[in-house]
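Here's the structure we're looking at; comments come further down.
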Amino acid sequence: MLDRPANVDEHHLRDALADWGIHTEALAHLPLGFGDHHWSATDTSGRRWFLTLADLEHKPFLGGDADTVLRNLRRAMDAAADLHDGHGLGFVVAPLRSGEGATAVRIGDRYALSVFPHTQGTPGDFGQELTADQRGRVLDTLARLHRRTPPSGLRATPPTLEGADRLAELAADPGAIGDHGPFSAPTAELLAEHGALLGARLDEFGRRAARVTPTRKVTTHGEPHPGNLLWRSAGPLLVDWDTVGLASPERDLWLVTDDPDELTRYTEATGYRPDPGLLALYRLRWDLQDVVEFVDWFAAPHQRGPDTEQTWRDLGSLVRGLAG
0 MLDRPANVDE
10 HHLRDALADW
20 GIHTEALAHL
30 PLGFGDHHWS
40 ATDTSGRRWF
50 LTLADLEHKP
60 FLGGDADTVL
70 RNLRRAMDAA
80 ADLHDGHGLG
90 FVVAPLRSGE
100 GATAVRIGDR
110 YALSVFPHTQ
120 GTPGDFGQEL
130 TADQRGRVLD
140 TLARLHRRTP
150 PSGLRATPPT
160 LEGADRLAEL
170 AADPGAIGDH
180 GPFSAPTAEL
190 LAEHGALLGA
200 RLDEFGRRAA
210 RVTPTRKVTT
220 HGEPHPGNLL
230 WRSAGPLLVD
240 WDTVGLASPE
250 RDLWLVTDDP
260 DELTRYTEAT
270 GYRPDPGLLA
280 LYRLRWDLQD
290 VVEFVDWFAA
300 PHQRGPDTEQ
310 TWRDLGSLVR
320 GLAG
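As numbered in numbering that gives the first Met the number 0, residues 0 to 323 make up the sequence shown, in order.
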């Protein structure tokens, strides 16, 4: 996120880092990514750490309330730690456990902190187009992940659309969004213009999902797009594991390629031939899920800032693209 989080300052972070035995010399806020807040920390010995602060009020894919989100976030972070430490998957950039064994420590009512070792590499950017060689190397990495026995307690993530009913209601009655900040009224206008076609795409997703019968379920990262890749000479590392879950391989693969020729490489490594219908379903789900989350954001109290301005631009592009 570009904005700093509300009600969390360096004092809170320094206190929380003591749970990992880290005595902080310096903290620097990092305006990176979307959804979580990040800092770089340097301890008194000069060692560096990467901090991720999750907003428990803005992770609907993990639950409808902060306690449920925290519980599922810990399950996800535990799974990532297990994949790295217990399964030997070195491409998993996993959180460290605190002195009490926690991979996510709550800070106040709204946030949870996870700590990672500082990892060298060249980060990718969301929306970046990978080269054919890079796509092949990501497919190889996903094949390694998908072949592993799923960690104990891994959360099932079926191809459902959380919040679809709520979005359908607002698409049919945009005035119900109300006035909770600078982007509430523009969001209502956007839905008034495109609500009927957006509702049709929601219906389409429901029909497609009802016909799906996955034949294989594996450990999936959930969002292996270029923004969650850290490149080294040996290949990509995968970061940001809060979306990890048990699902069909297509949940990951569609973000890399839907080219049958390129996917042959994955089939040769795993023995599984990806289903084009599932690839298309997950592509549609991705866009609709973002619309759900962005509309919910603007239908709740919010303020103008770099993050909400970027979200508003993204929401317009998504809705117009789905409607078109």
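Using N, Cα and C, we set each Cβ at its ideal position, and we do this for glycine too.
Since the structure is predicted, the reported quantities are computational estimates derived from the model, not experimental observations.
Find the nearest neighbour of residue i within the set the options, judged by alpha-carbon distance.
i	options	result
L245	P275, T218, E128	T218
A101	D108, V92, L112, G107	L112
G221	D251, E24, T43	D251
R206	L277, V255, V318	L277
T130	T242, Y271, W230, G162	W230
R272	P259, W38, D286	P259
D274	W253, P150, F293	W253
A279	F293, A298, V255	V255
T140	T307, L88, L69	L88
A155	L314, H301, F60	F60
In whole angstroms, what is the alpha-carbon distance linking residue i and residue j?
i	j	result
T118	F49	8 Å
W311	E188	12 Å
L16	H22	7 Å
A322	V290	12 Å
G62	N71	8 Å
Y199	P116	Sequence check: residue 199 is Ala here, not Tyr. When rounded, the distance between both Cα atoms is 45 Å.
G226	T43	31 Å
D84	T51	20 Å
H179	E192	20 Å
Return the first residue and the last residue of the beta strand (DSSP E) that residue i is part of.
i	result
H83	First-last for H83: 65-84, but that is the alpha helix (DSSP H), not the beta strand (DSSP E).
A246	244-246
L29	23-29
L228	228-231
A53	47-54
L166	Premise fails: L166 lies in the alpha helix (DSSP H), 163-171, not in any beta strand (DSSP E).
D332	What the structure shows of the chain is the stretch from 0 to 323, and residue 332 is not part of that stretch, so it cannot be assessed.
I106	104-106
P300	Here P300 belongs to no beta strand (DSSP E), and DSSP marks it neither H nor E.
Would you kindly report the start and end of the unbroken alpha helix (DSSP H) that includes residue i?
i	result
Y271	Neither: Y271 is in no alpha helix (DSSP H) and is coded neither H nor E.
H10	9-16
F297	275-297
A131	131-146
P185	183-210
P305	305-322
D251	249-252
Count the other CB atoms within 10 Å of the CB of residue i; is the residue buried (16 or more) or exposed (fewer)?
i	result
E194	The question names Glu, but residue 194 is Gly in the sequence shown. Buried is the call here.
P248	buried
R46	exposed
T67	exposed
H10	exposed
E128	exposed
T214	exposed
D81	buried
G123	buried
S316	exposed
F33	exposed
Q288	buried
E267	exposed
A142	buried
R74	buried
L29	exposed
A175	exposed
F90	buried
T121	exposed
P173	buried
So with Cβ pairs under 9 Å, would you call residue i a contact of chain C?
i	result
G126	Protein chains in the displayed structure number just one, and chain C is not present.
Is residue i near the ligand SAH, in the sense that its beta carbon is under 8 Å from a heavy atom of that ligand?
i	result
A65	This structure simply doesn't include the ligand SAH, nor any ligand for that matter.
* May I ask you to verify whether the region 126-140 touches the region 172-185, counting CB pairs closer than 8 Å and requiring at least 3? => They do not touch, by the three-pair rule.
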